[in-house]
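Down below is the structure, laid out as structure tokens.
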Amino acid sequence: MMKKQIRALILSLFFMATAVHANNDLNTLSKTYDTKARYEMSENDVKSFVYQWFAAFDHQRESGYFVNRIALPVKMQYPDTTRITSVEDFLAWYQGVTDNIIWNSHSITSMDVQGNQKSGWTVSYVVNWKAKSKANENFDVMVKQELKVIRIGDALKLAELNASIVK
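Numbering (mature numbering (1 follows the signal peptide of the UniProt record, and there is no 0)), first residue to last: -22 to -1, 1 to 145.
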């Protein structure tokens, strides 16, 4: 009986050691991958940034989420609004959104990204904005947007946004 218990203990220790080794492998970067390529931002990083920006609007995230992703200085122009040139301007604009919109969604189409991390990226796309206001108004608008996205440290930031309604 004792031999079975010892054998079971040895097997369980073996499997535990194997699992620990496997978990270490999960958190280890390849030593042969190009270092520059690992840390340089790509077109996919920029597209992901844009999609996350809109997902945050879809969920009406806290204003700090957006503030952390805005470069200073910033230039933003949404249709039918004054120019946003500071964090304070953005916060005032976003307060208007949260005060008046009870639901919204953004569906991006035809995104084009040009540039690199040295000069920044220009991102062009059309987004279908659908929303419902507290006044029970429904919106379904196609908006053309052009962004300038820059890298600051390890983060991407929105430096410019120009939006116009597609006729």
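C-beta: ideal position from N, C-alpha, C; glycine also. It should be emphasised that the depicted structure is a prediction, and the values quoted were computed from it without experimental measurement.
Coil, strand or helix - residue i by DSSP
i, result
"LEU4", "helix"
"residue 147", "In the structure as shown, the chain starts at -22 and stops at 145, and residue 147 therefore has no counterpart that could be examined."
"ASP90", "strand"
"VAL75", "helix"
"GLY131", "coil"
"GLU124", "strand"
"residue 163", "Only positions -22 to 145 of the chain appear in the structure, and residue 163 is not among them; the question remains open."
"SER20", "coil"
"SER83", "strand"
"VAL28", "helix"
"THR13", "helix"
Whole-Å CB distance - residue i paired with residue j, under 8 Å assumed
i, j, result
"ASP118", "LYS108", "5 Å"
"ALA141", "VAL52", "Not confirmed; about 14 Å, so no contact."
"ALA33", "PHE44", "The pair is not a contact, with the Cβ atoms about 12 Å apart (cut-off 8 Å)."
"GLN30", "THR76", "Actually they are not in contact, since the Cβ atoms of GLN30 and THR76 sit about 18 Å apart, beyond 8 Å."
"THR59", "TRP71", "6 Å"
In DSSP terms, what residue i is bridged to
i, result
"ASN116", "LYS110"
"MET54", "ILE62 and LEU139"
"ILE48", "LEU136"
Neighbourhood of residue i by C-beta distance below 8 Å, restricted to the same chain and skipping five residues each side
i, result
"MET89", "LYS25, VAL28, VAL101, SER102 and TYR103"
"THR87", "TYR103, VAL104, VAL105 and ASN106"
"LYS135", "ARG47, ILE48, ALA49, VAL127, ILE128 and ARG129"
"ASP36", "ASN82, SER83 and HIS84"
"LEU69", "SER41 and VAL45"
Whether residue i touches residue j by CB criterion (7 Å)
i, j, result
"GLY98", "ILE128", "yes"
"residue 146", "ILE79", "Because the chain here runs from -22 to 145, residue 146 falls outside it and cannot be looked at."
"LEU139", "MET19", "no"
"LYS122", "VAL144", "yes"
Proximal residues to residue i (C-beta, below 6 Å), its chain only, five neighbours per side dropped
i, result
"VAL65", "VAL45"
"GLU124", "SER102 and ASN140"
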